[in-house]
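Here is the structure we will look at, set down as structure tokens.
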Amino acid sequence: MGKKHFYDGLGDELRAILLSQIRNLWSHSSTALEGNSLTLGETAFVLEEGLTIAGKPLRDHQEVVGHARAIKLIYGLLDRDAIGEEDVFLLHQAVLTDRAADIYRPAGAWKKEANFTSAIGSDGRQFIREYPSPSRVPALMAEWLTRFNHFYRTGGMPWDDAVKCYASLHLSFVAIHPFFDGNGRMARLLSNLPVLRAGHPPIVVPTSLRREYLDSISGYQNTVPGLADLSALEQLPENDASRQFVALCRDFARETVALVDNAFALQKNLTKDNKC
Ligand SMILES: Nc1ncnc2c1ncn2[C@@H]1O[C@H](COP(=O)(O)OP(=O)(O)O)[C@@H](O)[C@H]1O
Ligand SMILES: [Mg+2]
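Numbers 0 to 275, taken from numbering that gives the first Met the number 0, label the letters of the sequence shown in order.
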């Protein structure tokens, strides 16, 4: 029987430190991937002290604070057996902090307008990739949530299965691209829920692997014919590109696993000292 949470067995103080280290790393990495200028140290300072960094944009501060709030919501969902659309919307509202009142760019609702990225095709040329249209999103996301909740209820998955589950949920979420913005951060939050529920630490994409991460997602999307017309998740293939993304996700997890190992190693030493 695996642990219920990755931090079970740690004393209160070490557990609190580990959880804030993971929150800092996750919030920093996920926002830095999208252009946030705060360093890990600055992010930790903002989140732990509630103070600002001179000369850095207000928006960057709000973004890491919003992301940290979303992580809190994520931990709060771990005792539930399933999550629904409304939970996803609440997370989106936490993540999307720079929202101006604009009905075409909603926070806490699916996208209202088509969205695109510029990508490099398998022929090495640039092209514009169109994601599934807003009219397809509610049905696709209902299917995504059914798939998600199946994994979620499975509970105690071994590590290798948890990584595959994270990779599959992540790839399908960003292929649907259901929000006008925040899709990357939401994919990296939501796909970790089954991982956490299985008793493992979250998988955090390191900023040093940004290029590999984006190239792998884009390379996979190049293998999906007619992405804009996607109408069911079974049209998303499992292939060499998706398996390459799984392998990358296995690498991503190294940093949080190291933080957890350090905390337990410290606790073991303390216990030994106390026995002398
Ligand atoms: N060229 C690309 N091809 C496919 N997916 C991409 C590409 N660029 C970015 N992505 C995915 O979309 C995410 C960015 O989408 P976006 O809605 O802007 O989310 P966020 O605001 O959290 O960055 C990236 O993190 C990545 O997961
Ligand atoms: Mg964005």
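No residue lacks a Cβ here, since even glycine has one placed at the ideal position from N, Cα and C.
Only a predicted model underlies this, so the values are computations on that prediction, with no experimental measurement involved.
Residue from Ala257, Arg249, Leu213, Leu139 whose Cα sits closest to the Cα of Ser231: Reading off the sequence shown, one finds Ala at residue 231, where the question assumed Ser. Comparing Cα-Cα distances from Ala231 to each of Ala257, Arg249, Leu213, Leu139, the minimum goes to Leu139.
Assigned secondary structure, Glu112 (DSSP; H/G/I helix, E/B strand, else coil): coil
For Phe5 and Val259, the rounded distance between their alpha carbons: 8 Å
Residues with C-beta closer than 7 Å to any heavy atom of ligand 2, in chain order: Glu33, Asp180, Gly181, Gly183
Gln20 versus Val162, Gly154, Asn35, Glu41, residue with shortest Cα-Cα distance: Glu41
At least three beta-carbon pairs within less than 8 Å, the region 67-83 to the region 142-155: yes
Residue of Phe126, Gly75, Val204 minimising C-alpha distance to Asn23: Val204
Ala93 vs Leu72 beta-carbon contact at 8 Å: yes
Identity of the residues DSSP links to Gln125 by a beta bridge: Ile119
Pair within 8 Å by beta-carbon distance, Leu37 and Lys55: yes
Ile21 - containing alpha helix (DSSP H), residue span: 11-31
Reduced DSSP category for Ile70 - H, G, I as helix; E, B as strand; rest coil: helix
Per-residue DSSP class, three states only, for Ala262: helix
Proximity test, Phe88 beta-carbon vs ligand 1 heavy atom, cut-off 7 Å: no
Supposed contact pair Trp109 and Pro131 - C-beta distance, whole angstroms, cut 8 Å: Contact doesn't hold; Cβ gap of about 11 Å is too wide.
Span of the alpha helix (DSSP H), counted from its first residue to its last, around Arg146: 136-153
Rounded C-alpha distance that separates Arg210 from Thr270: 42 Å
Heavy atom of ligand 1 within 7 Å of Ala108 beta-carbon: no
Nearest neighbour of Ala113, chosen from Asp11, Val136, Ile52 [CA to CA]: Val136
Where Gly49 falls, given that 16 or more other Cβ within 10 Å makes a residue buried: exposed
Whole-number beta carbon distance between Arg184 and Leu30, since they are thought to touch under 8 Å: Looking at the sequence provided, one finds Thr at residue 30 rather than Leu. That pair is a contact at about 7 Å.
Gln220 beta carbon near ligand 1 (any heavy atom closer than 7 Å): yes
Proximal residues to Leu95 (C-beta, below 6 Å), its chain only, five neighbours per side dropped: Ala106, Gly181
Proximity of Gly235 and Val223 at Cβ, strictly below 8 Å: The displayed chain sequence assigns Leu, not Gly, to residue 235. The answer is yes: Cβ separation under 8 Å.
Boundaries (first-last residue) of the alpha helix (DSSP H) holding His279: For residue 279 there is no data in the structure shown, the boundaries of the chain being 0 and 275.
Any non-hydrogen atom of ligand 1 closer than 7 Å to Arg128 Cβ: yes
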